[in-house]
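Residue numbering for the sequence shown follows the working numbering, starting at 81 and increasing by one per position.
First the structure, in the form of structure tokens, and then the observations on it.
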Amino acid sequence: MKISSLWLLAAGFGTCLAAWAQASPAGLWKTIDDETGKPRALVRISESGGEFRGKIEKLFRTPEQDPNPKCDKCEGSNRDQPKIGMTVISGMRLDGSEYTGGQILDTESGKVYKSKMSLQDDGKKLNVRGYIGMPMFGRSQTWLREE
């Protein structure tokens with residue numbers, strides 16, 4: 081009886097851990113262009129000290145396109161750096177049910193926007209919003225969890 085109770089406790093604990101891990105944006109995400117609906121990149125979001133950051137791991141490019149273009153419109157240390165490996169999300173922290181207080185870099189325009197994000201569909205989708213000033217003045221993308 082003690083052994084089966086321990087197994088039940090362990091299974092319940094494992095289920096809680098899985099649910100907790102699912103509730104985090106940490107992982108690999110496929111970005112979907114909000115204008116074309118096509119995949120653009122894979123971004124790995126990681127967490128350190130309660131702060132979430134995202135780096136480009138892969139770009140979806142056609143054979144005639146440069147597989148790893150440089151961010152020629154970026155400013156500062158990102159200027160003319162390869163897009164693969166570039167940090168595009170920084171400073172995001174959990175605030176209730178959303179991740180806020182961060183920034184997102186648009187590597188096409190080189191512009192940096194305030195950002196917030198929230199998990200949807202049991203952690204399978206990530207709603208990412210970049211904006212200037214107030215969140216109502218921006219645009220959103222829905223990213224799909226790859227892992």
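The beta-carbon is built from N, C-alpha and C at its ideal position, and this holds for glycine as well.
With DSSP run on the structure shown, which of helix, strand or coil describes residue i?
{"i": "Asn148", "result": "coil"}
{"i": "Asp156", "result": "The sequence given here has Gly at residue 156, not Asp. Correct three-state label for Gly156: helix."}
{"i": "Gly134", "result": "strand"}
{"i": "Gly218", "result": "strand"}
{"i": "Trp223", "result": "strand"}
{"i": "Gly213", "result": "coil"}
{"i": "Gly182", "result": "strand"}
Name the two residues that bound the continuous beta strand (DSSP E) containing residue i.
{"i": "Met197", "result": "Lys191 to Gln200"}
{"i": "Thr111", "result": "Gly107 to Ile112"}
{"i": "Ile169", "result": "Thr167 to Asp175"}
{"i": "Ser104", "result": "No beta strand (DSSP E) contains Ser104, which DSSP labels as neither H nor E."}
Out of the options, which has the shortest C-alpha to C-alpha gap to residue i?
{"i": "Thr180", "options": "Arg120, Met216, Thr167 and Ser195", "result": "Ser195"}
{"i": "Glu155", "options": "Gly130, Gly190, Arg219 and Glu178", "result": "Gly190"}
{"i": "Val168", "options": "Ile212, Ile125 and Gly203", "result": "Ile125"}
{"i": "Met197", "options": "Asp146, Leu185, Cys151 and Thr222", "result": "Thr222"}
{"i": "Glu178", "options": "Ile164, Pro147 and Gly203", "result": "Gly203"}
{"i": "Met216", "options": "Tyr193, Arg225 and Gln200", "result": "Tyr193"}
Of all Cβ atoms in chain B, is any one closer than 7 Å to the Cβ of residue i?
{"i": "Gly182", "result": "This model lacks chain B altogether, as it is built from one protein chain only."}
Less than 7 Å between the C-beta atoms of residue i and residue j, yes or no?
{"i": "Glu137", "j": "Ala106", "result": "no"}
{"i": "Gly171", "j": "Gln183", "result": "yes"}
{"i": "Gly210", "j": "Arg173", "result": "no"}
{"i": "Cys151", "j": "Thr187", "result": "yes"}
{"i": "Glu227", "j": "Leu108", "result": "yes"}
{"i": "Pro149", "j": "Lys163", "result": "yes"}
Which one or two residues does DSSP pair with residue i in a beta bridge?
{"i": "Arg120", "result": "Arg120 is not bridged to any residue."}
{"i": "Pro162", "result": "Lys150"}
{"i": "Lys205", "result": "Gln200 and Leu224"}
{"i": "Glu127", "result": "Phe132"}
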